[in-house]
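First the structure, in the form of structure tokens, and then the observations on it.
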Amino acid sequence: MRDDVLVGEITVEEADMPWLHGRFAAGPAFLPLAPLFERELALIETIAEDYEEWERVYDQIARAVRLVAPHGPVPEFLLHIQGDQA
């Protein structure tokens, strides 16, 4: 969610606690956020060399979206989106 607008939906397909993996169905509100998620994934490849930049980009993602599960808001999460996978 971004504000009160649905950005997309994740259908959990695999659970390897604490990690969950699933299919991501983007909504129209995801389009402006897509470059942030793309940048975050690119930075993961070089996170050892530039952790601060990854953290800066991920902080932007964390401020921009909320993760809401069927039981309610998820207070802390690490979300990667690559195409239709989350």
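Following the working numbering, the numbering of the sequence shown begins with 474 at its first residue and continues without gaps. All residues carry an ideal CB built from backbone N, CA and C; glycine is no exception.
| Item | Value |
| --- | --- |
| Run through DSSP, which three-state label would ASP523 get? | coil |
| If you check the beta carbons only, do GLY495 and GLU486 fall under 7 Å apart? | yes |
| Using DSSP bridges, identify the partner residues of ILE483. | PHE497 |
| Ends of the alpha helix (DSSP H) at ARG539? | No alpha helix (DSSP H) holds ARG539; DSSP gives it neither H nor E. |
| If you measure from the beta carbon of ASP476 to each beta carbon in chain D, is any gap under 7 Å? | Included in the structure is just one protein chain, with no chain D present. |
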